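Taking it in order: structure first as structure tokens, then the write-up.
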Amino acid sequence: MCGIAGIVVANDGHAVDEDRLRAMCGSLVHRGPDEDGFFITATAGLAVRRLAVIDVQHGRQPVRSEDGTVHAVLNGAIYNHQRLRQYLAARGHTFRSGNDAEVIPHLYEEFGNDFARHLEGMFAIALYDSAHHRLVLCRDRVGVKPLHYAERPDGLVFGSEIKAVLCAIPDRTPDLQAFSAYLSLMYVPAPRTMYREIRKLEPGTTLVWQDNRRTLQRYWALADVPQRPHLTAARACAILRDLTVECVRQQLAADVPLGFFLSGGMDSGTVVAAARRALPDATLKTYSVGFADRSYDERTEAALAADRFGTDHTELVVEPAADDVVDGILPAFDEPFADPSMVPTYYLCRLARRDVTVALSGDGGDELFAGYHTYQADKYARYYRHLPRAVTAGIVPGLLRFLPRSSARASFDFKARRFAENALEEPGRSHYLWRVVFREAHKARLLQPDVLAELCDTYDTHEAHYEAGAGFDRLTRFQYTDAHVYLPDDVLTKVDRVSMAHSLEVRVPLLATSMIEFAFSLPGSMKLPGRQPKWLLRQAMAGLLPPRTLAMGKKGFNAPLPHWLRGEFRPLVREYLSRDVLRRQGYLRFDPVNEIVERHLSGAAEHAREIWILLLFTMWAEQEKAYR
């Protein structure tokens with residue numbers, strides 16, 4: 061794992077500023093604490109901070125072609141590099157190390173700008189072809205590894221994180237539409253960032269900069285996956301079980317200590333089970349975190365799985381500190397991000413990094429095999445929409461007003477209210493709204509009028525993907541949308557930033573290309589035939605995972621945020637959501653914000669997610685002095 065950055069300028073422009081490039085690279089030292097590397101000419105500069113995982117002693121970057129005209133830097137891991145190395149050697153290419161990154165310039169010589177489609181792994185790559193003054197940037201298929209860029213009048217700059225790009229651009233303007241999307245979703249969806257000048261390169265995409273012009277092209281599209289409607293469930297389970305072992309086996313290669321996240325749920329348990337089958341006699345290190353609040357705690361289930369597979373298991377009860385949010389979590393993201401699971405994930409990565417440099421995670425299972433409650437809600441909504449209007453618009457909302465509010469995780473009252481609010485919308489918007497925190501009407505109360513005047517409906521972040529997935533069945537179409545927005549911009553962003561804050565490489569074997577394409581080749585009726593989430597994965601893992609794990613419903617890796625905001629984080633709420641701070645920043649109106657805060661802190665209502673979103677934004681705005 062590494063951090064990469066670079067600058068290219070037009071032939072008739074100014075020369076590359078080496079000091080600026082080194083500053084960009086220095087901002088990424090947490091992503092690669094072992095060493096740095098540079099390639100610099102008058103018109104281009106590539107930089108890398110390396111976390112040594114493969115060929116620790118000799119695997120330096122940048123890597124180059126034999127004639128020195130092609131240089132490349134890699135953030136991530138190429139899992140099929142050994143097979144590619146054999147193919148390229150047979151074609152006459154020579155290698156200087158066993159580093160996985162070294163196949164990249166040679167692969168480019170064979171296939172040109174289309175080289176990324178031959179790679180299997182998690183990666184963000186920058187390649188410079190000096191013979192043609194061409195920069196090629198590419199990102200892996202699902203967006204495990206990030207890449208940001210900014211076009212300038214005389215060229216282009218890029219970096220693994222926003223902070224690296226900010227080192228090279230003098231101007232930075234908050235993007236209000238990105239802010240609006242953040243208020244809705246808790247994150248900023250690609251290609252936007254919180255800065256108008258900076259964009260995210262989207263997953264599965266190649267960017268080519270040549271002749272002072274940028275072009276974007278997708279090299280892989282999930283919509284092109286061939287369908288297998290006639291595959292039987294029994295055969296699909298057998299394929300899935302074997303495929304899981306193979307995907308995990310492929311990602312176990314490392315020349316440094318390796319471990320596993322183990323939450324107690326099905327996905328992480330599946331990864332550990334597959335690793336045990338791949339390495340029957342090895343010592344497997346597993347890590348989990350839990351909470352004093354039992355409704356959020358899964359340490360018992362994690363310990364059960366650890367015992368089942370004979371792992372060396374370590375667990376930690378999370379007791380968050382406000383200073384960790386201010387000094388550790390917030391700076392890791394560079395823009396507002398408020399998924400509450402960022403907090404326990406931060407502590408989980410810190411725990412694992414004491415022993416290992418690489419960890420395997422179960423992320424992706426919910427998106428591939430229909431694990432979220434939202435997929436069940438989508439199914440129920442189909443029938444709810446056919447009920448009489450008097451029931452859906454009158455009787456049900458009226459009854460829900462009498463439900464007591466709970467701070468427990470995924471409480472019944474929360475899910476029931478969300479369902480009644482959203483189920484009558486058309487399917488694509490309804491699915492989007494399941495995850496929305498602040499709807500457009502809520503923003504109208506919260507935002508300053510001049511901010512609100514510049515905004516449009518944020519459903520546009522999902523609508524294009526929902527339309528692009530029209531070739532799939534209803535459930536898979538929702539999964540397709542989540543795979544293009546929620547998965548890369550929330551789940552994978554969270555894991556990347558907090559793991560890299562601790563210089564820990566996290567791999568996600570359930571998101572291997574073969575696994576993704578297999579899951580999306582199957583009909584939705586096989587993944588969620590009734591009411592049980594991840595039915596197919598449960599069937600495939602029967603006999604391997606503990607029965608209690610297989611019987612568990614979806615809990616999710618969440619945190620007791622309602623209690624934390626009334627306790628450990630209360631001083632942050634009082635400081636950063638104060639009248640003076642909100643007036644200085646110029647985005648939010650104090651009175652409606654304060655009403656939410658006071659109702660939650662007094663226990664009269666539960667507004668944890670709303671407060672967390674507002675808090676993380678105002679903390680970011682203060683840190684960046686992003687005032688209006």
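Heads up, the sequence shown is in this note's numbering, so the first residue is 61 and it goes up one at a time. Glycine included, C-beta positions come from ideal geometry on N, C-alpha and C. As the structure is a prediction and not an experimental result, all values here were calculated from the model.
key: Cβ separation of Leu106 and Tyr188, assumed to be a contact under 8 Å, to the nearest whole Å   = In the sequence shown, the residue the question calls residue 106 occupies position 46. In the sequence shown, the residue the question calls residue 188 occupies position 128. About 6 Å; that satisfies the 8 Å criterion.
query = For Phe498, which residues of its own chain have a beta-carbon under 8 Å away from its beta-carbon, when the five flanking residues on both sides are left out?
reply = Sequence index remark: in the sequence shown, residue 498 carries index 438 (1-based). Closer than 8 Å at the Cβ level, and outside the excluded window around Phe498, lie Leu243, Ser244, Leu506, Glu670 and Ile673.
query = Helix, strand or coil: which one does DSSP assign to Gln311?
reply = By 1-based counting over the sequence shown, the position of residue 311 is 251. Here Gln311 sits in coil by DSSP.
Extent of the continuous beta strand (DSSP E) run through Lys554 = To locate residue 554, count along the sequence shown from 1; it is residue 494. The continuous stretches of beta strand (DSSP E) do not include Lys554, which lies in the alpha helix (DSSP H) extending over residues Leu552 to Met560.
task = Look up Thr321 in the DSSP assignment and give the residues it is bridged to.
result = The residue given as residue 321 occupies position 261 in the sequence shown. A quick correction: the sequence has Phe, not Thr, at residue 321. DSSP lists Tyr347 as partners of Phe321.
query = Between which two residues does the alpha helix (DSSP H) carrying Leu535 extend?
reply = Against the sequence shown, residue 535 aligns to sequence position 475. Taken as a continuous stretch (DSSP letters only), the alpha helix (DSSP H) holding Leu535 covers Arg534 to His544.
key: Close beta carbons around Val403, own chain, < 6 Å, minus the five adjacent residues each side   = As a first step, residue 403 must be located in the sequence shown, where it is residue number 343. Excluding residues within five positions, the ones whose Cβ falls inside 6 Å are Pro380 and Ala619.
inquiry  = Is the separation between the beta-carbon of Thr343 and that of Val332 shorter than 8 Å?
reply    = Along the sequence shown, one-based indexing puts residue 343 at 283. Along the sequence shown, one-based indexing puts residue 332 at 272. At least 8 Å separates the beta-carbon of Thr343 from that of Val332.
request  = Identify every residue that forms a DSSP beta bridge with His131.
outcome  = As a first step, residue 131 is located in the sequence shown; it is residue number 71 there, counting from the start. The partner list for His131 (beta bridge, DSSP) reads Arg124 and Tyr188.
inquiry  = Going by DSSP, what residue range makes up the alpha helix (DSSP H) through Trp29?
reply    = Given that the chain is displayed from residue 61 to residue 688, the structure contains no residue 29 and the question cannot be resolved.
key: Nonlocal neighbours in the same chain, by C-beta distance under 6 Å from Pro249, ignoring five residues either side   = If you number the sequence shown from 1, residue 249 lands on position 189. Scanning its chain for C-beta atoms nearer than 6 Å, with the 5 sequence neighbours on each side dropped, one finds around Pro249 the residues Ala241, Thr521, Val545 and Asp549, in chain order.
key: Burial state of Val633, where buried means 16 or more other Cβ atoms lie within 10 Å   = For this step, residue 633 is matched to residue 573 along the sequence shown. Per the 10 Å Cβ criterion, buried.
message = Between Ala161 and chain C, is any beta-carbon pair separated by less than 8 Å?
response = No chain C appears in the structure shown, which is made up of a single protein chain.
request  = Could you tell me the boundaries of the beta strand (DSSP E) in which Gly97 lies?
outcome  = Taking the first residue of the sequence shown as position 1, residue 97 is located at position 37. Segment Glu95 to Ile100, the beta strand (DSSP E) holding Gly97.
ask   = Can you check whether the CB of Arg630 is closer than 8 Å to the CB of Leu604?
value = Position 544 of the sequence shown, counted from the first residue, corresponds to residue 604. Position 570 of the sequence shown, counted from the first residue, corresponds to residue 630. Contact: no.
ask   = Going by alpha carbons, who is nearest to Gly63 out of Glu78, Leu216 and Asp94?
value = Residue 63 sits at position 3 when you count from the first residue of the sequence shown. Nearest option by C-alpha distance: Asp94.
query = What first and last residue would you give for the alpha helix (DSSP H) that runs through Tyr636?
reply = To locate residue 636, count along the sequence shown from 1; it is residue 576. From DSSP, the alpha helix (DSSP H) with Tyr636 extends over Arg630 to Tyr636.
query = So Asp372 is in the beta strand (DSSP E); what residue range does that whole segment cover?
reply = As a working note, residue 372 is residue 312 in the sequence shown. Segment Asp372 to Val377, the beta strand (DSSP E) holding Asp372.
ask   = Mind checking whether Met254 and Pro396 have CB atoms under 8 Å apart?
value = The residue given as residue 254 occupies position 194 in the sequence shown. The residue given as residue 396 occupies position 336 in the sequence shown. Yes.
request  = Tell me where the alpha helix (DSSP H) around Glu170 begins and ends.
outcome  = By one-based count along the sequence shown, residue 170 stands at place 110. It spans Val163 to Phe171 - the alpha helix (DSSP H) in which Glu170 sits, taken as one unbroken run.
query = Taking the alpha-carbon positions, what's the Ile656 to Val496 distance?
reply = Residue numbering aside, residue 656 sits at position 596 when the sequence shown is read from its first letter. Residue numbering aside, residue 496 sits at position 436 when the sequence shown is read from its first letter. Looking at the two C-alpha atoms, the distance is approximately 17 Å.
request  = Could you spell out the range, first to last residue, of the beta strand (DSSP E) harbouring Glu565?
outcome  = The residue given as residue 565 occupies position 505 in the sequence shown. Where Glu565 is concerned, the enclosing beta strand (DSSP E) stretches over Glu565 to Arg567.
ask   = From what residue to what residue does the beta strand (DSSP E) around Ala419 run?
value = Sequence index remark: in the sequence shown, residue 419 carries index 359 (1-based). The continuous beta strand (DSSP E) containing Ala419 extends over residues Val418 to Leu420.
query = Can Ala107 be considered in contact with the ligand ADP, in the sense that its beta carbon sits closer than 7 Å to one or more heavy atoms?
reply = Absent from the structure shown: the ligand ADP. Ligands present: none.
Beta-carbon proximity of Lys594 to Met326, cut-off 8 Å = Taking the sequence shown and counting its residues from 1, one reaches residue 594 at position 534. Taking the sequence shown and counting its residues from 1, one reaches residue 326 at position 266. Taking 8 Å as the Cβ cut-off, Lys594 and Met326 qualify as a contacting pair.
ask   = Short check: CB of Gly350 to CB of Glu358, under 8 Å?
value = Position 290 of the sequence shown, counted from the start, is the residue given in the question as residue 350. Position 298 of the sequence shown, counted from the start, is the residue given in the question as residue 358. Taking 8 Å as the Cβ cut-off, Gly350 and Glu358 qualify as a contacting pair.
As assigned by DSSP and simplified to three states, the class of Ile138 = Sequence index remark: in the sequence shown, residue 138 carries index 78 (1-based). Three-state DSSP puts Ile138 in a strand.
query = Using a Cβ-Cβ cut-off of 7 Å (strictly less than) and excluding sequence neighbours within five positions of Asp160, which residues of its own chain qualify?
reply = Position 100 of the sequence shown, counting from 1, holds the residue named residue 160. Contacts found: Ile114, Ala137, Ile138 and His141.
message = Checking 8 Å against the spacing of the C-beta atoms, do Glu170 and Arg143 come in under that value?
response = What you label residue 170 is simply residue 110 of the sequence shown in a count that begins at 1. What you label residue 143 is simply residue 83 of the sequence shown in a count that begins at 1. No, these two residues do not count as a Cβ contact at 8 Å.
message = Among Lys503, Arg124 and Leu236, whose alpha-carbon lies nearest the alpha-carbon of Ala686?
response = As a working note, residue 686 is residue 626 in the sequence shown. Nearest option by C-alpha distance: Leu236.
query = Counting along the chain, where does the beta strand (DSSP E) carrying Arg194 start and finish?
reply = Against the sequence shown, residue 194 aligns to sequence position 134. Where Arg194 is concerned, the enclosing beta strand (DSSP E) stretches over Arg194 to Arg199.
inquiry  = With a threshold of 8 Å, are at least 3 pairs of Cβ atoms found where one atom belongs to the region 266 to 282 and the other to the region 560 to 570?
reply    = With the cut-off at 8 Å, the region 266 to 282 and the region 560 to 570 do not touch.
ask   = Is it true that the CB of Tyr406 sits closer than 8 Å to the CB of Val558?
value = Locating residue 558 in the sequence shown gives position 498, counting from the first residue. Locating residue 406 in the sequence shown gives position 346, counting from the first residue. Their beta carbons are under 8 Å apart, which means Val558 touches Tyr406 by this criterion.
ask   = Taking three-plus beta-carbon pairs below 8 Å as touching, is the region 190 to 200 in contact with the region 300 to 314?
value = No contact exists between the region 190 to 200 and the region 300 to 314.
query = Exposed or buried, which one is Ala102 when buried takes at least 16 other CB atoms within 10 Å?
reply = Stepping through the sequence shown from its first residue, residue 102 is reached at position 42. Around the beta carbon of Ala102, fewer than 16 other beta carbons sit within 10 angstroms, so the residue counts as exposed.
ask   = Is it true that the region 574 to 585 meets the region 281 to 291, where meeting means three or more beta-carbon pairs spaced less than 8 Å apart?
value = yes
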